[in-house]
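Some notes on the structure that comes next.
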C-alpha cells in the first residue's frame with residue numbers, strides 16, 4: 031500500500047521556454063521548482079482544462095505557442111510586474127496553437143519527491159504508474175501459485191522466512207533502482223513474495239488453532255494487516271523522499287526474522303508428512319508455555335485426531351484428482367453442468383469485483399484530494415470495523431445476506447458520489463470510505479461463501495480459479511483509476527456500479543450457512559436447483575433429494591431415472 035506515497039502525483043505544469051534558458055536570470059526559480067506563477071500569466075500561457083472546465087484550472091500537459099519576442103517579457107514579469115508590463119501583456123496576440131511539454135515543474139509544497147516526479151510519469155507517460163501496479167499484482171498471482179505449493183512441500187516455516195528475506199532484500203533494492211524498468215522488475219518479485227509472506231502466515235495461524243477458533247484467528251490477522259496499512263502513513267509523514275521511504279518500510283521486516291526462533295513449524299504439516307516426533311515436541315513446547323499438563327494419552331489422542339483430519343484431507347486430495355470416470359479434474363468440470371456453471375460464473379464475478387474495488391479504493395486516496403495522509407489513514411481504519419462486523423455476524427447470519435448486503439452498500443455509497451458537488455469534497459471522501467468499509471467486509475465473506483459453494487472434488491480448483499479472477503481485478507484496478515483524468519468521479523462510479531451489480535447477482539446464489547458440505551459434482555449441480563417438471567429432460571444428471579415426494583412424476587406417471595434419496599440434516 032506504500033505505493034500511494036511512492037507514486038504520489040503533485041500538481042505540475044509545463045516548464046516554459048524562458049525557464050529552459052541557461053543564461054536566463056530566472057533559471058534559479060526553475061531549478062528550485064517554483065511552481066507558482068503570477069495570476070495574469072496562467073491564462074496567457076496555459077489552455078483551460080477541458081476535462082475539468084472549472085474556472086481557474088488549466089491544462090498541465092501543454093502550453094500556448096506564444097511569439098518568441100514575448101518570452102523575455104513573460105520571464106521578467108515573473109518577478110517584476112507593474113502597470114507598464116500589464117499594458118504590454120494586454121497587447122499579446124493569443125495563440126490557439128499548443129505545444130507539448132519539454133519539461134515539468136512540480137508543486138513541491140506538499141510532495142517534495144516521488145517516483146512520479148523523478149521519472150516524469152505524467153501526461154503521456156502516466157500509464158507507467160498503472161503498469162507498475164498491474165505488474166505488482168501479477169507478481170501476487172504468480173506467487174500465490176508458487177509459494178502455496180512450496181509451503182505444502184517444504185513446510186510453512188522455511189517458506190515464510192525465505193519469502194520474508196527475499197521481500198526485505200528486494201524492497202531495499204527497489205529504493206535504489208536506477209530506472210523504471212529495474213524498479214518494476216523488482217516490484218514484481220516483491221509482489222510474488224507477498225503471497226509467500228502473508229498467505230503462508232495466514233495458513234500458519236489457521237493451523238495453530240482449533241476449528242472453533244479459526245474465524246477469530248483469521249479476523250485478528252486481517253486487523254493487524256489494517257494496522258500495518260495505517261502505520262505506512264506514519265512513515266510517509268516523517269519521510270518525504272520516496273527512495274528513503276521505500277527502504278524505511280522494508281527494513282522492519284528484518285525484525286520479524288527473529289520469529290524464526292519463536293514460531294514453530296505447523297504440527298498439522300508435520301503430522302501430514304509423517305514427522306510425529308517433531309510434532310510431539312512442538313505440542314509439548316506449546317503446553318509448557320501455556321502451563322498446561324499433557325500426559326502421553328492426551329498427546330496420542332491429539333495425534334490421532336490430527337491423523338484422522340489429515341487422512342480425510344488425503345482422501346479429498348485423491349478425489350480432487352479424479353472423478354468417477356477416472357478423468358482428471360479441471361475447471362471445465364465446474365463449467366460443464368448448467369447449475370454449477372451458473373454459480374461458478376457468479377462467484378468468479380464476485381471475486382473479480384471485490385478485489386478490483388478493494389485495491390482500486392485503497393490506491394485511489396491520492397485522487398480524492400484534500401489531505402492525502404489523512405485519507406490513507408481513514409482508508410485503513412475503516413477495515414477494522416468491517417472485520418469486527420464479520421467477527422460477530424459471519425457465523426450468525428447467512429453468508430449470502432452479508433455478501434449481498436455489503437456489496438450493495440458499497441455500490442450505493444460509491445454511486446452517490448455522482449450527485450455530490452465537487453465543492454463538498456469531504457462528502458465524497460466519506461462516501462468513498464463507506465464503500466471501502468463495506469467492500470472489505472464482503473471481500474472477507476466471499477472466500478468462505480465460495481468454499482462452501484464448490485463441492486469437495488473440485489473445491490481447490492474452484493478456489494484457485496476464483497483467486498485468479500481476484501488478481502485480474504487487482505491488475506485492472508490501477509487502469510480504472512487512471513480514468514479520473516477524464517472525469518474525476520469516474521473510477522468511483524465504475525467500482526460502485528460493479529459492486530452494486532455483483533450484490534444483486536449474489537442473490538442468485540444459494541445460501542450455504544448451516545448446510546451440509548457438498549462432496550460430489552452431482553451434489554454441487556443439484557444444490558440450489560429447483561426440481562420441477564423439467565427434471566425428466568435431464569437424463570444425464572443425478573438428482574439428490576430429501577424424499578420422493580419432492581420429485582414430480584413424468585409424463586408416463588413414473589419417477590425420473592437416476593434419483594438418489596438422501597437424508598439431509600441442517
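Numbering (our numbering), first residue to last: 31 to 600. Backbone N, C-alpha and C define an ideal beta-carbon position, used for all residues, glycine too.
Taking residue 500 as the reference, which of 141, 168 and 548 has the closest Cα?
168
What is the residue span of the beta strand (DSSP E) that residue 65 lies within?
Element bounds for residue 65: n/a, residue is neither H nor E.
For residue 40, collect the residues of the same chain with a Cβ closer than 6 Å to its Cβ; drop the 5 residues on either side in sequence, then sort them by chain order.
136, 137 and 141
Span of the beta strand (DSSP E) around residue 135:
134–136
Can we say the segment 522–541 touches the segment 431–448, given the rule of at least three CB pairs closer than 8 Å?
yes
Among 235, 316 and 199, which one has its Cα closest to the Cα of residue 278?
199
Counting Cβ pairs, one atom from each stretch, are 3 or more of them under 8 Å apart for the segment 160–174 and the segment 248–263?
no
May I ask you to list the residues that DSSP assigns as paired with residue 130?
92
Just to confirm before moving on: does the CB-CB distance between residue 495 and residue 387 stay below 7 Å?
no
What are the boundary residues of the beta strand (DSSP E) that includes residue 44?
42–44
DSSP-derived helix/strand/coil call for residue 38
coil
Please report the distance separating the alpha-carbon of residue 420 from that of residue 446.
25 Å
Cβ neighbour criterion (16 or more within 10 Å) applied to residue 160:
buried
Exposure of residue 582, with buried meaning 16 or more beta-carbon neighbours within 10 Å
Reliability of the predicted coordinates at residue 582 is poor, the pLDDT of 47 falling under 50, and the value obtained from them is presented with this limitation in mind. Residue 582 should be labelled exposed.
Opposing strand residues paired with residue 78 [DSSP bridges]:
88
Among 484, 461, 444 and 454, the one whose alpha carbon lies nearest that of residue 524:
444
Assess contact between the segment 267–274 and the segment 412–431, defined as three or more Cβ pairs (one per stretch) separated by less than 8 Å. Is contact present?
no
Do you know whose CA, among 458, 246 and 396, lies nearest residue 425's CA?
246
Pair within 7 Å by beta-carbon distance, residue 552 and residue 370:
no
Check whether the Cβ atoms of residue 225 and residue 170 sit closer than 7 Å, and answer yes or no.
yes
Are residue 406 and residue 395 touching if we call contact CB-CB under 7 Å?
yes
Have a look at residue 227 and residue 192 and give me their C-alpha separation to the nearest angstrom.
9 Å
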